[in-house]
Every structure is written in C-alpha cells, then in structure tokens.
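Everything on this sheet refers to the single structure shown next.
Residue numbers (this note's numbering): 240 to 434.
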C-alpha cells in the first residue's frame with residue numbers, strides 16, 4: 240500500500256474510534272437520564288390513575304409527598320437499619336452499584352449533612368490566571384499526595400466539571416462569599432453576580 244492509503248486508513252480508524260467513543264459517552268449520559276425520566280413519568284401516571292377522579296397534577300404532588308415521607312422514614316432511628324440493608328443490597332449489583340453510589344455521592348455533595356461544595360476557593364494557576372472552585376477532599380494522602388487537595392472546577396452552562404489535585408499553597412479560601420453564589424457565578428459563565 241502507498242503512504243496515502245496508509246494515512247487514509249489510519250485517519251479513518253482514528254475517526255471511527257473517536258466517533259464510537261463519543262457515542263458511548265453519549266449513551267452513558269442519555270440512558271441514565273432517560274431511564275430516570277421514564278421512571279418518574281410512569282410513577283406519576285400510575286399515581287394519577289390510582290385516584291378515580293381526574294385531578295391533573297395529583298401524581299406530581301403524590302411523588303413529592305412520597306419522597307418527603309421516605310426522607311422522614313430515613314431520619315427515624317429505628318428505620319435506619321432497613322435503609323442501610325437496602326443500600327447494601329443495591330451496591331452488590333454491579334451496574335447499579337456504580338450508578339447508585341455516584342448519584343448518591345453527587346446528591347450528598349449538594350444536600351445533606353456532608354455538603355462537598357461548601358468550601359469555595361480561588362486557585363492560582365499561573366501568574367495571571369486564577370480559577371474559582373470548591374475543595375471536595377482535604378486529605379489526598381491515600382494517593383500519596385498529602386500536600387495536595389482535590390478542587391472541583393465546574394464548567395459554565397453544564398453539569399460537568401474537572402477535579403484537580405492542587406498544592407495547598409495555591410489554594411485560597413473565599414471568605415465572606417456564599418458557596419451557592421460562587422456555584423451560580425461559575426455555572427452561569429460569570430453572568431450571575433458574586434454578591
């Protein structure tokens with residue numbers, strides 16, 4: 240084969256692999272979202288059909304009431320072992336383990352007793368570049384980086400972001416600024432004001 244053909248096949252192979260990679264990443268995002276939305280939709284329909292009188296929106300109210308009731312039960316001392324047993328069963332299922340624990344950790348970062356995005360910081364990346372982020376882990380000694388902290392940098396207009404291990408001396412806490420305002424500022428691309 241000639242060099243042009245080799246280049247063509249190499250380029251096509253690279254492009255094909257990249258397209259497949261993008262497709263699989265898309266599936267990882269779309270399928271859990273679609274399944275979640277489908278389950279919520281079916282639950283609302285089911286609850287709407289339980290009541291013989293047509294009351295639009297009663298299903299949504301019932302879902303909210305059910306979630307609140309489950310939260311209440313989870314806060315009760317005697318119900319906690321039941322929830323722990325249920326969670327231990329869930330995390331034994333391979334795919335469910337990954338999805339459930341990831342979603343639970345993400346939800347726990349925003350809600351609950353162990354909020355992760357409560358420490359906004361600015362990080363000096365170079366002489367002229369500073370990024371705002373949130374410390375998500377103070378102790379990185381488990382990966383051999385005791386003098387580093389994990390800082391999450393959200394992307395603008397997206398629900399994703401990056402986590403970097405950053406030297407402690409490059410991280411400055413943002414005192415007097417609410418975490419929620421910093422998150423809104425970053426996610427909005429700097430459009431929401433820092434108050």
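From the three backbone atoms N, C-alpha and C, an ideal C-beta is built for every residue, glycine too.
| query | So, residue 404 versus residue 384, is the Cβ gap smaller than 7 Å? | reply | Looking up residue 404 in the chain shown gives position 165. Looking up residue 384 in the chain shown gives position 145. The answer is yes: Cβ separation under 7 Å.
| Count the other CB atoms within 10 Å of the CB of residue 265; is the residue buried (16 or more) or exposed (fewer)? | On the chain shown, residue 265 is found 26 positions in, with the first residue counted as 1. By the beta-carbon neighbour count (other beta carbons within 10 angstroms, threshold 16), residue 265 is exposed.
| Residues that DSSP places opposite residue 406 in a beta bridge | For the purposes of this step, residue 406 is identified with residue 167 of the chain shown, where counting begins at 1. 387.
| field | Rounded straight-line distance, which links the Cα of residue 378 to that of residue 280 | value | Position 41 of the chain shown, counted from the start, is the residue given in the question as residue 280. Position 139 of the chain shown, counted from the start, is the residue given in the question as residue 378. Between residue 280 and residue 378, the C-alpha separation is close to 41 Å.
| said: Comparing C-alpha positions only, which one of 417, 255, 282 and 289 sits nearest to residue 302? | reply: Your numbering for residue 302 matches position 63 in the chain shown. The shortest C-alpha separation from residue 302 is found at 282.
| Continuous alpha helix (DSSP H) stretch holding residue 320: start and end | In the chain shown, counting from the first residue as 1, residue 320 sits at position 81. Where residue 320 is concerned, the enclosing alpha helix (DSSP H) starts and stops at 319-329.
| request: Please classify residue 273: is it buried, with 16 or more other beta-carbons within 10 angstroms of its beta-carbon, or exposed? | output: Here residue 273 refers to the residue found at position 34 of the chain shown. Burial call: exposed.
| So, using beta-carbon positions, are residue 410 and residue 371 closer together than 7 Å? | Translated into the one-based positions of the chain shown, residue 410 becomes position 171. Translated into the one-based positions of the chain shown, residue 371 becomes position 132. No, the Cβ-Cβ distance between residue 410 and residue 371 is not below 7 Å.
| message | By the three-class DSSP mapping on this structure, what secondary structure does residue 290 have? | response | The sequence position of residue 290 within the chain shown is 51, counting from 1. Three-state result, residue 290: coil.
| message | Given a cut-off of 7 Å on the beta-carbon distance, is the pair residue 362 and residue 390 in contact? | response | Numbered from its first residue, the chain shown carries residue 362 at position 123. Numbered from its first residue, the chain shown carries residue 390 at position 151. Yes.
| task | Given a cut-off of 7 Å, decide if residue 357 and residue 260 are closer than it, judged by their beta-carbon atoms. | result | Translated into positions along the chain shown, residue 260 becomes position 21. Translated into positions along the chain shown, residue 357 becomes position 118. The answer is no: Cβ separation not under 7 Å.
| Run through DSSP, which three-state label would residue 295 get? | Numbered from its first residue, the chain shown carries residue 295 at position 56. Residue 295 falls in the coil class under three-state DSSP.
| request: Just the C-alpha distance for residue 263 and residue 255, rounded to the nearest angstrom, thanks. | output: To locate residue 263, count along the chain shown from 1; it is residue 24. To locate residue 255, count along the chain shown from 1; it is residue 16. Distance between the alpha carbons of residue 263 and residue 255: 12 Å.
| task | Helix, strand or coil for residue 415, going by three-state DSSP, please let me know. | result | Here residue 415 refers to the residue found at position 176 when the chain shown is read from its first residue. Three-state DSSP puts residue 415 in coil, outside helix and strand.
| Where does residue 367 fall in DSSP's three states? | Reading the chain shown from its first residue, position 128 is the one you call residue 367. Coil, per DSSP.
| field | residue 332 - DSSP class collapsed to helix/strand/coil | value | Locating residue 332 in the chain shown gives position 93, where the first residue counts as 1. Here residue 332 sits in coil by DSSP.
| query | Among 291, 304, 305 and 287, which residue has its Cα nearest to the Cα of residue 297? | reply | As a first step, residue 297 must be located in the chain shown, where it is residue number 58. Considering only alpha carbons, the answer is 287.
| request: Mind reading off the beta-carbon distance from residue 205 to residue 386? Whole number of angstroms is fine, and I expect it under 8 Å. | output: Nothing can be reported for residue 205, as the shown portion of the chain is limited to 240 through 434.
| said: Quick check: what's the CA-CA separation for residue 257 versus residue 305? | reply: Looking up residue 257 in the chain shown gives position 18. Looking up residue 305 in the chain shown gives position 66. Linking residue 257 to residue 305 through their CA atoms gives a straight-line distance of about 43 Å.
| said: Check this for me: beta carbons of residue 388 and residue 374, under 7 Å apart or not? | reply: Here residue 388 is taken as the residue at index 149 of the chain shown, counted from 1. Here residue 374 is taken as the residue at index 135 of the chain shown, counted from 1. Closer than 7 Å, so yes.
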